[in-house]
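Chains as they are written, first to last, in my numbering: chain F, 31 to 140; chain R, 10 to 122.
Here a beta-carbon is modelled for each residue, glycine too, at the ideal position from N, C-alpha and C.
Following: one structure in structure tokens, then a few remarks.
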């Protein structure tokens, strides 16, 4: 089976940096993805890591350590619009089964 | 424009009724998924399909059924056997061999009345 653990809630102030962690257990690992979801909306793709290391996309970066079954999403220069839920997700390499973590609700305060 | 479309946006069901949620994509994606999301919770996988005429159960398939007769379409039926169907349902698709990104529809909010 597959399981992903992430903190349920994180609070930060505008302009700060926040890190959202994700640990996973999966039978066959293909890659770790991150998605953002605003209240009532659809999840949207943020980033994907298949190999160890850091991937940077603008204010957002994502890190993966396959040996530790661990990754994180780093959000810099936080803005109020970043208030949303963030989900990590894994594909297994046996097929296209995409499993999500429980989500981290990020609240950005002025 | 390419995308994935779910309908209806809101759906009300009486106790004991079956209802079918529509999901259509024109992205030429092989893989499609159905997720259930309860308030403040994560996405739980109901069913997924890698190719036409084939689909597999996810973590919470009981009380649900699907079909994949066309590549573009992956409807979900919520049957009367699903005891607590009120939830937000999300459909997604992805390329089969370049599994880096899944695209989501805008969701269907199902309420049992």
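query: Secondary structure of residue 80 of chain R, DSSP reduced to three states; result: coil
query: Beta-carbon spacing of residue 41 of chain R, residue 50 of chain R below 8 angstroms; result: no
query: Where residue 41 of chain R falls: helix, strand or coil (DSSP); result: strand
query: Residue 36 of chain F - containing beta strand (DSSP E), residue span; result: Premise fails: residue 36 of chain F is in no beta strand (DSSP E) and is neither H nor E.
query: Neighbour flag for residue 114 of chain F against chain R, beta carbons, 8 angstroms; result: no
query: Buried or exposed (CB count within 10 angstroms, at least 16 for buried), residue 38 of chain R; result: buried
query: Three CB pairs or more closer than 8 angstroms across the stretch 96-114 of chain F and the stretch 133-140 of chain F; result: yes
query: Every unbroken beta strand (DSSP E) within the stretch 58-128 of chain F, with a cutoff of 3 residues, ordered by chain; result: 61-67, 74-79, 83-87, 90-95, 100-105, 114-121
query: Endpoints, beta strand (DSSP E) assigned at residue 92 of chain R; result: Here residue 92 of chain R belongs to no beta strand (DSSP E), and DSSP marks it neither H nor E.
query: Cβ pair count under 8 angstroms reaching 3, the stretch 50-67 of chain F against the stretch 78-95 of chain F; result: yes
query: Alpha carbon of residue 44 of chain F to alpha carbon of residue 113 of chain F, nearest angstrom; result: 10 angstroms
query: Residues of the stretch 99-115 of chain R whose Cβ lies closer than 8 angstroms to any Cβ of chain F, in chain order; result: 99, 101, 103, 105, 108, 109, 110, 111, 112, 113, 114, 115
query: Residue 110 of chain F versus residue 139 of chain F - alpha carbon distance; result: 7 angstroms
query: Under 8 angstroms by beta carbon: chain R residues contacting residue 72 of chain F; result: 99, 113, 114, 115, 116
query: Residues of the stretch 60-86 of chain F with Cβ closer than 9 angstroms to any Cβ of chain R, in chain order; result: 60, 61, 63, 65, 67, 70, 71, 72, 73, 74, 75, 78, 80
query: Any 3 or more C-beta pairs closer than 8 angstroms across the stretch 13-29 of chain R and the stretch 108-116 of chain R; result: yes
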